[in-house]
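Only one structure is covered here, and it is reproduced in the block below.
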Amino acid sequence: MKMKNLLILLLFIAIVWSCKKNDDEDDFIEVPPQSLAETAAEDDAEIKEFLQTHFYNYEEFDSPPADFDYKIEFDTIAGDNANKTPLIDQMDWKEVSVSSDAFGLDESETVNHKYYYLEVEEGSGPSPSIADSTYVRYEGSLLNSLVFDGSTSSPVWFDLAQIQAPGAARGFAEATSNFKAGGEIVVNADGTFTVEDYGIGFMVLPSGLGYFNVSRGSIPVYAPLIFKIDLFAMNDTDHDRDGIPSIMEDEDKDGYLYNDNTDEEQEKEIFGTLFANFLDADDDGDGIATSDEIDVDEEGNVTFRDTDGDGIKDHLDNDS
Ligand SMILES: [Ca+2]
Ligand SMILES: [Ca+2]
Ligand SMILES: [Ca+2]
Ligand SMILES: [Ca+2]
462 MKMKNLLILL LFIAIVWSCK KNDDEDDFIE VPPQSLAETA AEDDAEIKEF LQTHFYNYEE
522 FDSPPADFDY KIEFDTIAGD NANKTPLIDQ MDWKEVSVSS DAFGLDESET VNHKYYYLEV
582 EEGSGPSPSI ADSTYVRYEG SLLNSLVFDG STSSPVWFDL AQIQAPGAAR GFAEATSNFK
642 AGGEIVVNAD GTFTVEDYGI GFMVLPSGLG YFNVSRGSIP VYAPLIFKID LFAMNDTDHD
702 RDGIPSIMED EDKDGYLYND NTDEEQEKEI FGTLFANFLD ADDDGDGIAT SDEIDVDEEG
762 NVTFRDTDGD GIKDHLDNDS
């Protein structure tokens, strides 16, 4: 059925660097952080309990009723629904290594965090990286089903790289990168836009991939988070416009953009502010712009130079 997952968008706007997850500064409360490892274990037990006792409307997605709105709904496995398949049997999961440094903990530790996700309807378009910008409709809720945030009528642009930052809900970026965007965006005669076969999914995140020890609005501290998303479109990013796509500035290829900062020591001494490579137009701080130390062809493909042959690319080498 070709009309499946069809969305009419009112206006396809230019990228808005959405700060939705950061701009509620007035009503957030922070408590001293507790152990990251203990919290991750507690959260995972709580999440598993939820996944074992709940299901989503998979039967409607499998055989859509005529007026089906393609919205994910959760319910408890009980009574008439006692025989439903629990979420835990349907969801995929991945692990992300999280450093306690992101939360200002005294004891430095690195803890694997498990998040769960399910692509309910696969989009027909490309999959974003954790550095890309995504056009989504979403709803955030707690395990007790309280909705705390969302943009369920009109979609918003989310810069996943920004959501990966300490203090934001990093897991949203991680999980979204498993989903696919929709197909071609068609402009209608009346100025609206249509996206067919967009991606639909949801994710369940431990608090270490959410807001951890910070309470925001109705989100308590150490709260696992659920996000349902419709992923319509995505754009590649080059945040610092140095010619290198942001995802390629994850130099250590660990899927985290904020721990790649070639001139960190210099920035600490001189500015006191740190700019990770994807936000830094002079990555090695040698006074020569990164864009002048690399070669980019007409299609945007990047070739790196190593003028002094020391194995360090020129834009990351402050003596060449
Ligand atoms: Ca990295
Ligand atoms: Ca830097
Ligand atoms: Ca850069
Ligand atoms: Ca250099």
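Each residue of the sequence shown is one higher than the last, beginning at 462 in our numbering.
Every residue gets a Cβ at the ideal spot worked out from N, C-alpha and C, and that includes glycine.
Inter-residue spacing [alpha-carbon to alpha-carbon] between residue i and residue j
{"i": "A684", "j": "A634", "result": "17 Å"}
{"i": "A742", "j": "E728", "result": "13 Å"}
{"i": "D713", "j": "S558", "result": "14 Å"}
{"i": "I749", "j": "I773", "result": "15 Å"}
{"i": "I731", "j": "S707", "result": "24 Å"}
{"i": "Y687", "j": "D523", "result": "The residue you asked about is not Tyr; residue 687 is Ile in the sequence shown. Approximately 22 Å, taken between the alpha carbons."}
{"i": "G660", "j": "N722", "result": "33 Å"}
{"i": "N674", "j": "N738", "result": "27 Å"}
{"i": "N483", "j": "A629", "result": "Caution applies to N483, whose pLDDT of 46 falls short of 50 and renders its modelled position unreliable; the value that the coordinates give is listed next. Rounded to the nearest angstrom, the two C-alpha atoms are 7 Å apart."}
{"i": "T653", "j": "Y519", "result": "30 Å"}
{"i": "V581", "j": "Y599", "result": "14 Å"}
{"i": "H700", "j": "F516", "result": "39 Å"}
{"i": "L740", "j": "L777", "result": "14 Å"}
{"i": "A501", "j": "L735", "result": "28 Å"}
{"i": "E507", "j": "E754", "result": "50 Å"}
{"i": "A563", "j": "A539", "result": "40 Å"}
{"i": "E759", "j": "G678", "result": "47 Å"}
{"i": "A694", "j": "V647", "result": "12 Å"}
{"i": "Y531", "j": "S676", "result": "31 Å"}
{"i": "Q495", "j": "F640", "result": "32 Å"}
{"i": "N573", "j": "E503", "result": "13 Å"}
{"i": "I690", "j": "D711", "result": "25 Å"}
{"i": "S602", "j": "I705", "result": "36 Å"}
{"i": "D767", "j": "D724", "result": "18 Å"}
{"i": "D697", "j": "P547", "result": "36 Å"}
{"i": "G716", "j": "D505", "result": "22 Å"}
{"i": "G669", "j": "N649", "result": "43 Å"}
{"i": "N720", "j": "V617", "result": "27 Å"}
{"i": "A596", "j": "G644", "result": "Before going on, a small fix: residue 596 reads as Tyr here, not Ala. Cα to Cα, Y596 sits roughly 13 Å from G644."}
{"i": "L692", "j": "G584", "result": "8 Å"}
{"i": "S781", "j": "L718", "result": "24 Å"}
{"i": "G632", "j": "G671", "result": "6 Å"}
{"i": "G565", "j": "D528", "result": "49 Å"}
Own chain partners of residue i with C-beta closer than 7 Å, once the 5 adjacent residues on each side are dropped
{"i": "G770", "result": "none"}
{"i": "F609", "result": "G601, S602, L603, G678, S679 and I680"}
{"i": "D745", "result": "T723, D724, H776, L777, D778 and N779"}
{"i": "P587", "result": "K641, A642 and M695"}
Reduced DSSP category for residue i - H, G, I as helix; E, B as strand; rest coil
{"i": "G586", "result": "coil"}
{"i": "S668", "result": "helix"}
{"i": "F633", "result": "helix"}
{"i": "G540", "result": "helix"}
{"i": "I680", "result": "strand"}
{"i": "M552", "result": "coil"}
{"i": "I508", "result": "helix"}
{"i": "Y517", "result": "strand"}
{"i": "N605", "result": "coil"}
{"i": "S496", "result": "coil"}
Neighbourhood of residue i by C-beta distance below 8 Å, restricted to the same chain and skipping five residues each side
{"i": "S606", "result": "F535"}
{"i": "M709", "result": "V763"}
{"i": "T613", "result": "R598, Y599 and E600"}
Cβ-based neighbour list, residue i, same chain, cut-off 6 Å, excluding 5 preceding and 5 following
{"i": "D703", "result": "A742, T751 and S752"}
{"i": "S561", "result": "L497, S569 and E570"}
{"i": "D756", "result": "T764"}
Inset, instruction - Taking 8 Å as the threshold, find out whether the segment 607–627 comes into contact with the segment 585–599 through three or more Cβ pairs. - result: The answer is yes - the segment 585–599 touches the segment 607–627, with three or more Cβ pairs under 8 Å.
Inset, instruction - With a cut-off of 5 Å, give the chain-ordered residues whose Cβ is closer than this to any heavy atom of ligand 1. - result: Listed along the chain, these residues meet the criterion: D711, D713, D715, Y717, N720 and D721.
Inset, instruction - Taking 7 Å as the limit, tell me which residues put their C-beta closer than that to any heavy atom of ligand 2, in chain order. - result: If you measure from each CB to the nearest heavy atom of ligand 2, the residues under 7 Å come out as N722, T723, D724, E725, E728, L735, F736, A737, N738, D741, D744 and G746.
Legend entry - Cβ pair count under 8 Å reaching 3, the segment 509–516 against the segment 538–556: The segment 509–516 vs the segment 538–556: in contact.
Inset, instruction - Count the CB pairs spanning the segment 676–683 and the segment 487–494 that are closer than 8 Å, and state whether there are at least three. - result: Short answer: they touch.
Legend entry - Contact the segment 572–581 vs the segment 655–669: 3+ CB pairs below 8 Å: Contact between the segment 572–581 and the segment 655–669 is established, with three or more Cβ pairs separated by less than 8 Å.
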